[in-house]
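Q: To get my numbering, take the position in the sequence shown, counting from 1, and add 584.
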Amino acid sequence: MSYIPELYDFLARLQANNSREWFKANKAEYDRLRQLWLNDIDLLVADMSQWWPELSGLTGKQCAYRIYRDTRFSVDKTPLKDYFSAGFSPDGRKAHDAGLYLQMGPSRGEDDIVSGLYGGVWCPESAVLKKLRRAIVDNIEEFEEIINAPAIQKYFPGWCASGSLKTVPKGYDRNHPQAHLLRLLDYGKFHATPMEYFLDPDWVKRTSELFSYLKPFVDFLSYSINEEV
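What follows is the structure, encoded as structure tokens:
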């Protein structure tokens, strides 16, 4: 029997009782569900290693994020995340370039989707963002071929961005043909995965397959970040 319904139920209760006291009282349940989930992340990393060899040898624990929130610079002072998440790159969750990301948890409202598969670069530093913009403009045919691939268009349409400038950044013509790309503050793709997605016994293999479609996109971004100017 799948542990997924229990996991989502636990996270929903955590969402409604987000305190260290509640978490401490329910820590045993958390530990059990966390281990079951980590076992699946181990399997996911192993499957992904078949098309991303640099992931070989990584464990689910090296990819999984802690449930404790860093509240030092956040207005939201709730101490715990109400979702499970993992990041995938050759450095596990500590991606220095572009990477892939999985998040699982109940939605917080009709328009607030939590569970999903993500790929790309989020909130890059100004210098990195400038490099990415230049790389996209200089290699626009290659970039458009990647993002317009049928699988990406089908499963990862549009952009998952933290924000967008109202006008093109300085140094580019306001009528630049790639203005819609230049205004983005980060470059990410997203595929929503409600709880039902994870009830499929083959969700690990399905997730690996969907992530594989984003590999050329991630490679382009990582190469652009590391390219010597």
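C-beta: ideal position from N, C-alpha, C; glycine also.
Within the region 743–778, note down every full beta strand (DSSP E) run reaching 3 residues or more, in order along the chain.
A: Whole beta strand (DSSP E) segments, 3+ residues: 771–776.
Q: F607 to E793, Cα distance in whole Å?
A: As a working note, residue 607 is residue 23 in the sequence shown. As a working note, residue 793 is residue 209 in the sequence shown. Looking at the two C-alpha atoms, the distance is approximately 34 Å.
Q: So, for A596: in the same chain, excluding its five sequence neighbours on each side, which residues have a beta-carbon less than 7 Å away from its beta-carbon?
A: As a first step, residue 596 must be located in the sequence shown, where it is residue number 12. So the list reads P690, once near-sequence residues are dropped.
Q: Which residue from A745, N759, C744 puts its Cα closest to that of T751?
A: Position 167 of the sequence shown holds residue 751. The residue with the shortest Cα to Cα distance from T751 is N759.
Q: What separation, rounded to the nearest whole angstrom, lies between the Cα atoms of M632 and D757?
A: For the purposes of this step, residue 632 is identified with residue 48 of the sequence shown, where counting begins at 1. For the purposes of this step, residue 757 is identified with residue 173 of the sequence shown, where counting begins at 1. Going from the Cα of M632 to the Cα of D757 covers about 41 Å.
Q: State buried or exposed for V659, treating a residue as buried only when at least 16 other CB atoms are found within 10 Å of its CB.
A: If you number the sequence shown from 1, residue 659 lands on position 75. Classification for V659: exposed.
Q: Tell me which same chain residues have a C-beta within less than 7 Å of the C-beta of L766, skipping the five on either side of it?
A: Locating residue 766 in the sequence shown gives position 182, counting from the first residue. Contacts found: R717, V752, P753, Y756, H760.
Q: Inspect the beta-carbon positions of W787 and D615 and report whether they are closer than 9 Å.
A: Numbered from its first residue, the sequence shown carries residue 787 at position 203. Numbered from its first residue, the sequence shown carries residue 615 at position 31. Contact flag unset, no.
Q: Ignore the nearest five residues each way along the sequence and tell me which others in A679's own chain have a CB closer than 6 Å to its CB.
A: Taking the first residue of the sequence shown as position 1, residue 679 is located at position 95. Here the set comprises G671, S673.
Q: Helix, strand or coil: which one does DSSP assign to F672?
A: Counted from its first residue, the sequence shown places residue 672 at position 88. It is a strand residue.
Q: Could you check how far apart the C-beta atoms of F804 and G703 are, in whole angstroms? I think they sit under 8 Å.
A: The residue given as residue 804 occupies position 220 in the sequence shown. The residue given as residue 703 occupies position 119 in the sequence shown. In fact, because the Cβ distance is near 11 Å, the residues do not count as touching under 8 Å.
Q: Is it true that the CB of E638 sits closer than 9 Å to the CB of L617?
A: In the sequence shown, residue 617 corresponds to position 33, counting from 1. In the sequence shown, residue 638 corresponds to position 54, counting from 1. Not closer than 9 Å, so no.
Q: By how many angstroms is the C-alpha of Y797 removed from the C-alpha of I724?
A: The count along the sequence shown starts at 1 and reaches residue 724 at position 140. The count along the sequence shown starts at 1 and reaches residue 797 at position 213. Rounded to whole angstroms, I724 to Y797 spans 19 Å at the Cα level.
Q: Taking just the CA atoms, how far does P708 sit from A682?
A: As a working mapping, residue 682 is identified with position 98 in the sequence shown. As a working mapping, residue 708 is identified with position 124 in the sequence shown. Taking the straight line joining both Cα atoms gives about 10 Å.
Q: Which class does G700 belong to by DSSP, given the choice of helix, strand or coil?
A: For this step, residue 700 is matched to residue 116 along the sequence shown. G700: strand per DSSP, three-state reduction.
Q: Evaluate contact between the region 645–658 and the region 777–791, counting only Cβ atoms and requiring at least three cross-stretch pairs below 8 Å.
A: Too few Cβ pairs lie closer than 8 Å, so no.
Q: I need the boundaries of the alpha helix (DSSP H) containing M632, first residue and last residue.
A: Position 48 of the sequence shown, counted from the start, is the residue given in the question as residue 632. Unbroken alpha helix (DSSP H) run through M632: 611–632.
Q: Helix, strand or coil, according to DSSP, for V659 in the structure here?
A: Within the sequence shown, the letter at position 75 stands for residue 659. Reduced to three states, the DSSP call for V659 is coil.
Q: Could you please give the first and the last residue of the uninterrupted beta strand (DSSP E) stretch that includes Y667?
A: Taking the sequence shown and counting its residues from 1, one reaches residue 667 at position 83. That residue, Y667, is in no beta strand (DSSP E); it is neither H nor E in DSSP.
Q: My guess is that V706 and D654 are in contact by the Cβ rule of under 8 Å, so how many angstroms apart are they, rounded?
A: Locating residue 706 in the sequence shown gives position 122, where the first residue counts as 1. Locating residue 654 in the sequence shown gives position 70, where the first residue counts as 1. Residue identity check: residue 706 is Trp in the sequence provided, not Val. No, W706 and D654 are not in contact; Cβ-Cβ is about 15 Å, not under 8 Å.
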